[in-house]
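Heads up: the sequence shown is residues 1 to 251, going by the numbering used here. Built from N, CA and C at the ideal position, the CB exists for glycine as well.
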Amino acid sequence: MPRKKIIAGNWKMNKTAKEAKKLIKELIPLVEKSKADVVICTPFTALYDAVRLTKGTNIAVGAQNIHFEEKGAYTGEVSADMLVDIGVKYVIIGHSERRQYFGDTDETVNLKLKTALSKGLIPIVCCGESLQQRELGVTNELIRTQIKAAFAGVEKEQAKNVIIAYEPIWAIGTGKTATSEQANDACRVIRCVIEEMYNKSTADSIRIQYGGSMNASNAAELLSKPDIDGGLIGGASLKADEFSKIVNYRE
Ligand code: PGA
């Protein structure tokens, strides 16, 4: 069975609730014929409206982070139950910006991944190397470590529900996209690790996105590669026209 592509917008810390509503209303008709799964990961403050507005459409809604604990004294945090309760379906976990600025580690990424799965959220778990790591030639080892750590203790039946996003840090928000070969090679490494950890059928069914300056002009090329099953889109997901062109990329 060919893997269905999945295009997710990561809005990061952009759009007030009012601005989000406007963007979503513009987006709905533009992506309704998409062959790919479409997800928008809005800020927490826009999630409730996003779920309501996209009800009955082909757009699913995701958050950009969760806490791994179920509830309790964690000031400022949001739990998986809170997201599920309002109809959120996906959650980005371990984005490099969270690892860099907010203390996410391989260990907390693993905890968050297990919590998300246990609550029925679909995790989009991120991995990827810095420019320095690429130049040192340790990209593959780094990705392998991140994936092994993220999936530690995750059962086979659960693992195939996870979406993985390969996002080289040097390509995020920089306009420097990885070449489609570089991106596919990294996605291939990830698929091999999943095969080692689980089995071939899990590796064949798991979906791996590329993220990092993906836009309407380079999406089709990246998505034509055999191991790239979608995109995690930052900047280009903030404009309905641009994002819909990625979603409706020409095969
Ligand atoms: P970008 O961000 O598309 O703006 O490079 C991608 C991401 O960080 O998920």
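Item                                                                                                                                                        : Value
In this structure, does DSSP put Ile66 in helix, strand or coil?                                                                                            : coil
CA-CA distance, Thr57 and Gly87?                                                                                                                            : 13 angstroms
Find out if the Cβ-Cβ distance for the pair Asp229, Gln209 is shorter than 8 angstroms.                                                                     : yes
Throw me the rounded Cβ distance for the Lys21 and Phe68 pair, which I believe falls under 8 angstroms.                                                     : About 30 angstroms separates the two Cβ atoms, so there is no contact after all.
Could you round the C-beta distance between Glu167 and Gly128 to whole angstroms and report it? I think they count as a contact, below 8 angstroms.         : 4 angstroms
Hey, which unbroken runs of the beta strand (DSSP E) at 3 residues or more fall wholly within the region 97–133?                                            : 122–127
Starting from Arg257, follow the beta strand (DSSP E) in both directions and report where the run begins and ends.                                          : The first residue shown for the chain is 1 and the last is 251, placing residue 257 beyond what the model contains.
Can you tell which of Asn110, Ala219 and Ser224 has the C-alpha that lies nearest to the C-alpha of Val247?                                                 : Ala219
Between the beta-carbon of Ile92 and the beta-carbon of Cys41, is there less than 8 angstroms?                                                              : yes
Can you tell me which of the three DSSP states Arg3 falls into?                                                                                             : coil
DSSP beta-bridge partners for Ile40?                                                                                                                        : Gly9 and Val61
At the level of alpha carbons, what is the spacing between Ile172 and Gln182?                                                                               : 15 angstroms
Tell whether a beta-carbon distance below 8 angstroms holds between Ala50 and Ile66.                                                                        : no
Nearest chain D C-beta to Val84 closer than 8 angstroms, yes or no?                                                                                         : Considering every chain present, this structure includes no chain D. It has just one protein chain.
Can you list, in chain order, the residues of its chain whose CB lies under 6 angstroms from that of Val39, leaving out five sequence neighbours each side? : Ala8, Ala60, Gly62 and Tyr90
Nearest-angstrom Cα distance between Glu255 and Ala116?                                                                                                     : The displayed coordinates of the chain run from 1 to 251. Any statement about residue 255 would go beyond what the structure contains.
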